[in-house]
Amino acid sequence: QILARFEESLLNSKTPDADPEGLGSFIKGLSEYFDRVMPISLAYSFERVQMKKFWMKSKVDDPTRSEIIRPSEVYGAEHLLRLFVKLPQLMQRANAPQDISRDAQTRFIQLLKWMDKEQEIFHKEIEPTDTEYLE
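Next comes the structure, spelled out in structure tokens:
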């Protein structure tokens with residue numbers, strides 16, 4: 001998972017702004033928000049079909065799994081960037097405070113810089129889709 005790798009990287013960097021508590025809170029909040037908005041606001045129509053099939057298949061493959069697979073467990077850097085692009089619009093729609101804390105802004109900048117440096121996160125194998133969504 002990208003956010004876990006980012007968190008590990010920042011904590012291992014031993015920079016003064018690593019702040020494990022604040023970083024953990026940021027990662028958890030961003031991950032939860034991504035999981036909520038991915039299916040409804042970030043996924044393309046064919047990805048919604050793909051997501052539904054994947055979740056149904058995962059339940060068949062592992063009926064003991066008590067929770068559904070979260071989008072943040074499956075989708076990668078490209079989808080996270082979609083969130084960043086839409087974040088101002090989504091926050092406005094959710095009536096979120098206009099003022100994002102300075103810490104959150106700093107974390108977003110750190111994450112984007114890390115993603116720029118870690119280019120291999122963008123070269124994940126993408127599962128081919130079928131054309132069912134066109135019907």
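Residue numbers (the working numbering): 1 to 135. For each residue, glycine too, the CB sits at the ideal point set by N, CA and C.
Taking C-beta atoms as the reference points, Val74 and Met51 count as a pair closer than 9 Å. In the three-state reduction of the DSSP assignment, Glu118 falls in the coil class. Distance from the Cα of Phe122 is smallest, within the candidate group Arg82, Phe26 and Asp19, for Arg82. Taking the Cβ atoms as the reference, Phe6 lies roughly 14 Å from Ala104, outside the contact range of under 8 Å.
Take Ala43, set aside five residues on each side of it, and the residues of its chain with a beta-carbon closer than 7 Å to its own are Met51, in chain order. In the three-state DSSP reduction, Lys14 falls in the coil class, being neither helix nor strand.
If you check the CB distance, Asp35 and Pro88 do not come in under 9 Å. Positions of the alpha helix (DSSP H) runs, each at least 4 residues long and wholly inside the region 3-54, are given as 20-37 in order along the chain. If you draw a straight line from the Cα of Thr15 to the Cα of Glu32, it comes to about 26 Å.
Secondary structure of Ile109 (DSSP, three-state): helix.
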